[in-house]
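Undergrad: Chain order of the listed sequences is A and B.
In terms of the working numbering, the first sequence has 397 at position 397, counting the first letter as 1, and numbering is strictly consecutive.
The working numbering runs 1000 ahead of the 1-based position in the second sequence.
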Amino acid sequence: MATVIHRELQAAGWRFWGPLLAIGAVIAAGFAAFVHMETQGHWVTGMDNQIVWGLPHVFAVFLIVAASGALNVASVASVFGRVAYKPLAPLSALAAIALLAGGLAILVADLGRPDRLVVAMTHFNFKSIFALNMFLYNGFFALVAVYLWFMMERRMNAWSGAAGLAAFVWRIVLTTGTGSIFGFLAAREAYDSALLGPAFVVYSLAYGTAAFLVVLDLSWRWAGRAAHAETLARIGRLLAIFTAASLYMTAAFHLAKLYVTRSHGVEDFLLASGGVYPVLFWLGQVGLGGALPLALLYSRRTGGTRAGVIGAAVLVILGGLAQMYVTIIGAQAWSQPIFPGWQEQSSFFDGEVHPYAPSGWELLLGLGGVALAAALIATGLKALPLLPDEPCTASSSPQPTSPPARPR
Amino acid sequence: MPRLQARARLGPGEAVSDPERRGFLATAAAALAGVVIAPGIRLIEIAGARAPEEAASARVRWGMLIDTAKCASGCTECVKACNEENGLHGAGRPRTDAQWIRKIDLKDPRTGRQHSAPVMCQHCAEPPCVDVCPTGASFKRADGIVLVDKHTCIGCRYCVMACPYKARSFIHENLSEQKPAVPRGKGTVEGCTLCVHKVDRGDGTTACAQACKAAGHEAIVFGDLNDPQSAVSRRLREIPSIHLRADLRLDTGVRYSGI
């Protein structure tokens, strides 16, 4: 294979500053929401003492999970030796760092006392999954940065495989830790399952690959290059496998819950009678985020096209947000039984399904985190030679390639 | 007259070295100290309280028994007393206002049997809130009281997610008119302290237990679960009681009877 040349983003003038200004405006709006929430207090949000984690957490956890998955393309190249993905590995590493930073920024901005971040960094309770995750997140930043450096510095190239392997192992542990934030909460009927750790790992493969595809496509467009359909189709095949695996984990998780009689109530709530949550589950997570992307990726007409692959990636992302909404907010909306077997009623809303309507502030904070990730990627693209030249020329593969084989 | 001679030799401002007088003064001082301090020590002993410099001891396990058979439906004296004692003034927004104790009305859907019971932090021996707190702000004292360190709570609300009893509240707005003994703050999490300030000064009871007794119900009995002679231990021996969500095996410091 010929040596691939990587270049910085060549866009200049309005072509560069226009999108960056738009991103900056969203970050500014997110920051304004943060300032408002922190000065007024969280009562201005849709969150309360029943739903304590809301829309910001949906965005934050999605970005954190997608961050580890965005490294997939680099891992496939370095760990599994698929050289075709190698030119895209640096961009994959940058996307992973940026998405994690965006997600963590939302989490910190939503803290009741974000000014005490230094306390969080100096006081540790090592039995807390949160505390362990702080090490996992910071370690991920460091490992992926070293990995990126080894890939880009010719003298260090020989070590990039080892760094890639370390980053790959780390991201598996990291996403297990993120899923375990919920899985180890025995008090909440919707959680309390060791399956949530591995489920989040599988979800991350799909969400991260989808996020990377969108980043790749937008980067190419920004650089004024034509989409390289063969590359997109190749990553699309990965996305198809990961999406199918996500559906499998979803089925395994809920079937395991349904087997246990005491979980029938909460499962009925999330899957059938819970209003917005079953709709988001079946229409969002399973339909738009699972079945439809699979249909697009395996269709003869759309499977190998840019529209088909990127369309599927966007749908997987939307489905992922729906999954996080059901997992995080749906679980809290279901009341906690303090006296199992009794009907409960109190001034603190015991025994009731808890309503939640996200505020605009929360939406802005969440979008601000996404925009921060976009800004970091844009800065990286402009400052570092990350975009590969070679496989991205229109002449190298002008025709859509054939779609992946249909599953029998 | 050797003493006078000795005194005559002293210059102005020089003290007399008199062993008898010193002995008298020492005895008098000891007696005075005994008169002043001993009752205090005795009071501390009687109340089961500890001196300010003394750490909480694992010899004590503070807890409660709530007898739902004595708890009157519709009575909220314990809730009012808690709010008054701890300076909890709601902002008129029930969904975000803090509640350290609330009355839960219970109904058996099959038989229609009804109960009413106050529920607050259960002061677990194995508290999930302490397990999940990333900074260690949620902590359990040696005497079993579960508290939040207001200086290290970052407001992540993971403890609220982990508590099986919905016993914790997040402070959603700026606060005013706080009680000096009960520090609180916007952006942090809080819950029942088992009136730790009262316990530490030797009151031997909590605001809710006092109010319940004053209302003539005595449904809440507070005391040392480790002391076999305490009122709560004696009562626990007399009547059957349960831990809420006993399936979680958290060994709560608050027990319920009548359910």
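Note that the Cβ used here is the ideal one computed from N, Cα and C, for glycine as well.
On a predicted model such as this, the values are computed, not experimentally measured, just so you know.
Is DSSP giving A:V26 helix, strand or coil here?
TA: The residue labelled residue 26 of chain A in the question sits at position 26 within the first sequence. Here A:V26 sits in helix by DSSP.
Undergrad: Taking only beta carbons into account, state which residues of the stretch 1098-1122 of chain B come closer than 7 Å to chain A, listed in chain order.
TA: Residues Q1099, R1102, K1103, I1104, D1105, L1106, K1107, D1108, P1109 and V1119.
Undergrad: Note down, in chain order, each residue of its chain lying with its Cβ closer than 6 Å to the Cβ of A:A98, except the 5 sequence neighbours on either side.
TA: Reading the first sequence from its first residue, position 98 is the one you call residue 98 of chain A. Cβ within range, chain order: A373, L376 and I377.
Undergrad: Which of the three DSSP states, helix, strand or coil, is assigned to B:S1116?
TA: Working through the second sequence from its first residue, we reach residue 1116 of chain B at position 116. B:S1116: strand per DSSP, three-state reduction.
Undergrad: For B:R1245, verify whether its CB is less than 7 Å away from any heavy atom of the ligand GDP.
TA: Only the bare structure without any ligand can be found here, which leaves the ligand GDP out of the picture.
Undergrad: DSSP puts B:R984 in a beta bridge; with which residues?
TA: Residue 984 of chain B is absent from the model: chain B starts at 1001 and stops at 1259.
Undergrad: Quick check on the DSSP output: the beta strand (DSSP E) that includes B:I1104 runs from which residue to which?
TA: Position 104 of the second sequence, counting from 1, holds the residue named residue 1104 of chain B. I1101 to K1107 is the span of the beta strand (DSSP E), which, as asked, contains B:I1104.
Undergrad: Whose CA, out of A:H123, A:V309, A:F281 and A:G112, lies closest to the CA of A:W53?
TA: For the purposes of this step, residue 53 of chain A is taken as residue 53 along the first sequence, with counting starting at 1. It is A:G112.
Undergrad: Can you tell me which of A:L386, A:D389 and A:G369 puts its alpha carbon nearest to the alpha carbon of A:I426?
TA: Past the boundaries of the shown model lies residue 426 of chain A; chain A is included only from 1 to 408, so the question cannot be answered.
Undergrad: Check whether the Cβ atoms of B:R1102 and B:V1079 sit closer than 8 Å, and answer yes or no.
TA: Taking the first residue of the second sequence as position 1, residue 1102 of chain B is located at position 102. Taking the first residue of the second sequence as position 1, residue 1079 of chain B is located at position 79. Yes, the Cβ-Cβ distance between B:R1102 and B:V1079 is below 8 Å.
Undergrad: How about A:S204 and A:V65: are their beta carbons less than 8 Å apart?
TA: In the first sequence, counting from the first residue as 1, residue 204 of chain A sits at position 204. In the first sequence, counting from the first residue as 1, residue 65 of chain A sits at position 65. Contact flag set, yes.
Undergrad: In the DSSP assignment, find the unbroken beta strand (DSSP E) run with A:E344 in it and report its ends.
TA: Along the first sequence, read from residue 1 onward, the residue named residue 344 of chain A stands at position 344. Where A:E344 is concerned, the enclosing beta strand (DSSP E) stretches over Q343 to S346.
Undergrad: Could you please give me the residues that DSSP links to A:P388 through a beta bridge?
TA: Numbered from 1 along the first sequence, position 388 holds the residue referred to as residue 388 of chain A. In the DSSP output, where bridge partners are listed per residue, A:P388 has A:H6.
Undergrad: Helix or strand or just coil, what does DSSP make of B:V1189?
TA: For this step, residue 1189 of chain B is matched to residue 189 along the second sequence. Strand at B:V1189.
Undergrad: Give the DSSP-derived three-state secondary structure of B:F1222 in the structure shown.
TA: Residue numbering aside, residue 1222 of chain B sits at position 222 when the second sequence is read from its first letter. B:F1222: strand per DSSP, three-state reduction.
Undergrad: Within the 8 Å Cβ cut-off, does B:V1254 reach chain A?
TA: Taking the first residue of the second sequence as 1, we reach residue 1254 of chain B at position 254. Output row for B:V1254: interface = no.
Undergrad: Just verifying my parser: in three-state terms, what is the DSSP assignment at A:S273?
TA: The residue you call residue 273 of chain A lines up with position 273 of the first sequence. It is helical.
Undergrad: For the putative contact between A:G208 and A:L297, defined by C-beta atoms under 8 Å, what is the C-beta separation to the nearest angstrom?
TA: By 1-based counting over the first sequence, the position of residue 208 of chain A is 208. By 1-based counting over the first sequence, the position of residue 297 of chain A is 297. Not confirmed; about 16 Å, so no contact.
Undergrad: Between A:I129 and chain B, is any beta-carbon pair separated by less than 8 Å?
TA: Start at 1 with the first residue of the first sequence, and residue 129 of chain A comes out as number 129. Judged by the 8 Å Cβ criterion, A:I129 is in contact with chain B.
Undergrad: Which residues bound the alpha helix (DSSP H) around A:K382?
TA: Indexing the first sequence from 1 puts residue 382 of chain A at position 382. Note, A:K382: alpha helix (DSSP H), G360 to A383.
Undergrad: Look up B:V1146 in the DSSP assignment and give the residues it is bridged to.
TA: To locate residue 1146 of chain B, count along the second sequence from 1; it is residue 146. DSSP lists B:K1140 as partners of B:V1146.
Undergrad: If you drop the 5 nearest sequence neighbours on each side, which residues of the same chain put their C-beta closer than 7 Å to that of A:L294?
TA: As a working note, residue 294 of chain A is residue 294 in the first sequence. The residues are A240, T243 and A244.
Undergrad: Taking Cβ-Cβ distances shorter than 7 Å, what residues in chain B pair up with A:E344?
TA: Locating residue 344 of chain A in the first sequence gives position 344, counting from the first residue. Those within 7 Å of A:E344 in chain B are I1104 and L1106.
Undergrad: Below 8 Å between beta carbons: does that hold for A:A131 and A:G103?
TA: For the purposes of this step, residue 131 of chain A is taken as the residue at position 131 of the first sequence. For the purposes of this step, residue 103 of chain A is taken as the residue at position 103 of the first sequence. No, they are not a contact pair.
Undergrad: Using the beta-carbon count (16 or more within 10 Å), is A:L184 buried or exposed?
TA: The sequence position of residue 184 of chain A within the first sequence is 184, counting from 1. Before going on, a small fix: residue 184 of chain A reads as Phe here, not Leu. Answer is buried; the Cβ neighbour count reaches 16.
Undergrad: Would a check of beta-carbon distances place A:I409 closer than 8 Å to chain B?
TA: What the structure shows of chain A is the stretch from 1 to 408, and residue 409 of chain A is not part of that stretch, so it cannot be assessed.
Undergrad: Establish whether the CB of B:M1064 and some CB of chain A are separated by less than 8 Å.
TA: Taking the second sequence and counting its residues from 1, one reaches residue 1064 of chain B at position 64. Taking Cβ atoms only, chain A never reaches closer than 8 Å to B:M1064, which makes this a no.
Undergrad: Give the single residue among B:D1224, B:G1191 and B:G1187 whose Cα lies nearest to the Cα of B:G1202.
TA: Taking the first residue of the second sequence as position 1, residue 1202 of chain B is located at position 202. With distances taken between Cα atoms, B:G1202 lies closest to B:D1224.
Undergrad: Cα-Cα, which of B:A1055, B:R1059, B:L1065 and B:S1057 is closest to B:R1234?
TA: As a position in the second sequence, residue 1234 of chain B is number 234, starting the count at 1. The shortest C-alpha separation from B:R1234 is found at B:L1065.
Undergrad: Counting beta carbon pairs with one atom in the stretch 171-181 of chain A and one in the stretch 211-231 of chain A, are three or more of them shorter than 8 Å?
TA: Counting Cβ pairs under 8 Å, fewer than three are found: no touch.
Undergrad: Would A:A229 and A:T305 be called neighbours here (beta carbons separated by less than 8 Å)?
TA: As a first step, residue 229 of chain A must be located in the first sequence, where it is residue number 229. As a first step, residue 305 of chain A must be located in the first sequence, where it is residue number 305. Cβ distance < 8 Å, so A:A229 and A:T305 count as in contact.
Undergrad: Grouping DSSP H, G and I as helix and E and B as strand, with all else coil, what is B:S1057?
TA: The count along the second sequence starts at 1 and reaches residue 1057 of chain B at position 57. Three-state DSSP puts B:S1057 in coil, outside helix and strand.
Undergrad: What residue range does the alpha helix (DSSP H) around A:I129 cover?
TA: Within the first sequence, residue 129 of chain A is the residue found at index 129, counting from 1. Where A:I129 is concerned, the enclosing alpha helix (DSSP H) stretches over I129 to M152.
Undergrad: Report the neighbours of B:C1163 on chain A: residues whose CB is nearer than 9 Å to its CB, in chain order.
TA: Here residue 1163 of chain B is taken as the residue at index 163 of the second sequence, counted from 1. In chain order: A187 and Q336.
Undergrad: Using the Cβ count rule (16 or more neighbours within 10 Å means buried), how would you classify A:T261?
TA: Residue numbering aside, residue 261 of chain A sits at position 261 when the first sequence is read from its first letter. By the neighbour-count rule (16 or more Cβ atoms within 10 Å), A:T261 is not buried but exposed.
Undergrad: Using the DSSP secondary-structure output, state which residues sit across from B:I1242 in a beta bridge.
TA: Locating residue 1242 of chain B in the second sequence gives position 242, counting from the first residue. Its beta-bridge partners are B:Y1256.
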